[in-house]
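In my numbering, the protein residues as written are 38 to 288. For glycine and all other residues, C-beta sits at the position ideal for the given N, C-alpha and C.
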């Protein structure tokens with residue numbers, strides 16, 4: 038609240054800091070790397086947000102987010118926000134069942150950039166919706182349900198990420214609430230995941246999967262019918278699916 042209404046930059050030194058909210062636009066937070074930690078107060082059962090972004094045109098970069106409570110979320114972006122950048126953030130869900138690394142709360146946001154983040158040990162590394170978003174060059178490892186799940190993601194790009202060693206899927210294009218359509222998924226690596234490397238559900242249509250590598254999963258790439266909802270007009274080309282246990286591609 039000490040920031041002026043016009044926003045500004047905050048440089049955060051090495052150290053351990055409590056949760057915070059970006060409640061004004063045009064606030065830019067930068068740390069020193071993993072030595073700048075945002076961390077919940079104590080181990081155990083709980084629930085909440087470490088970083089809550091409630092205004093547009095903000096960025097967070099070059100720090101570490103550590104969740105050590107059950108059901109916590111590392112970073113949440115409130116619905117309807119635009120022009121948010123999350124860059125070079127290290128995120129650890131610990132051993133206590135933190136739910137989301139990065140969570141976008143709804144499908145009405147746009148122009149969210151998530152890049153070069155390292156995320157591990159959450160139920161979901163990234164859970165994202167909205168339009169014209171870019172998720173690139175992230176490494177998402179050892180998540181329980183999925184490295185990344187979309188819900189209502191439209192006209193967005195998912196590229197050059199690594200999704201590995203999740204108990205469930207590497208990457209899911211989901212239609213849980215709103216279908217994920219017209220996205221480009223390119224140059225990603227999904228390896229060592231317990232079920233699918235990449236999965237497209239139900240009403241998710243007109244997506245392009247090109248140049249991805251899926252190895253060592255149960256199934257490399259899968260298109261899944263849910264009830265009467267069938268993935269339609271998705272283009273799958275130039276992908277490499279090797280050494281997957283059950284199948285390379287299932288449609």
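Residue from 216, 63, 76 and 58 whose Cα sits closest to the Cα of residue 91: 58
Between the CA atoms of residue 280 and residue 170 - distance to the nearest angstrom: 31 Å
Three-state class that DSSP yields for residue 236 in the structure shown: strand
Nearest-angstrom Cβ-Cβ length linking residue 103 and residue 166, presumed shorter than 8 Å: Actually they are not in contact, since the Cβ atoms of residue 103 and residue 166 sit about 25 Å apart, beyond 8 Å.
Inter-residue spacing [alpha-carbon to alpha-carbon] between residue 89 and residue 233: 31 Å
Range of the contiguous beta strand (DSSP E) that encloses residue 183: 183-191
Within 8 Å, strictly: CB atoms of residue 153 and residue 175: The Cβ atoms of residue 153 and residue 175 lie closer than 8 Å to each other.
Helix, strand or coil at residue 254 according to DSSP, with G and I counted as helix: coil
Delimiting residues of the beta strand (DSSP E) encompassing residue 292: This structure gives no information on residue 292, because the portion of the chain shown stretches from 38 to 288.
Buried versus exposed, by CB contacts within 10 Å (16 or more), residue 262: Residue 262 should be labelled exposed.
Distance, residue 44 Cα to residue 186 Cα: 32 Å
Element boundaries [beta strand (DSSP E), containing residue 283]: Looking at the DSSP string, residue 283 is not in any beta strand (DSSP E), and its letter there is neither H nor E.
Short Cβ contact (8 Å threshold) for residue 208 with residue 217: no
Contact check, residue 98 vs residue 67, beta carbons under 8 Å: yes
Residue 235 versus residue 198 - alpha carbon distance: 12 Å
Best match in 118, 46, 212 and 225 for proximity to residue 241 [C-alpha to C-alpha]: 212
N-terminal and C-terminal residue of the beta strand (DSSP E) that residue 146 is part of: Segment: none, residue 146 is in no beta strand (DSSP E) and carries neither H nor E.
Beta-carbon proximity check, residue 204 vs residue 231, cutoff 8 Å: Yes, these two residues count as a Cβ contact at 8 Å.
Identity of the residue in 46, 188 and 100 nearest residue 155 by Cα: 100
Rounded C-alpha distance that separates residue 219 from residue 196: 14 Å
From 70, 228 and 64, residue whose alpha carbon lies closest to that of residue 251: 228
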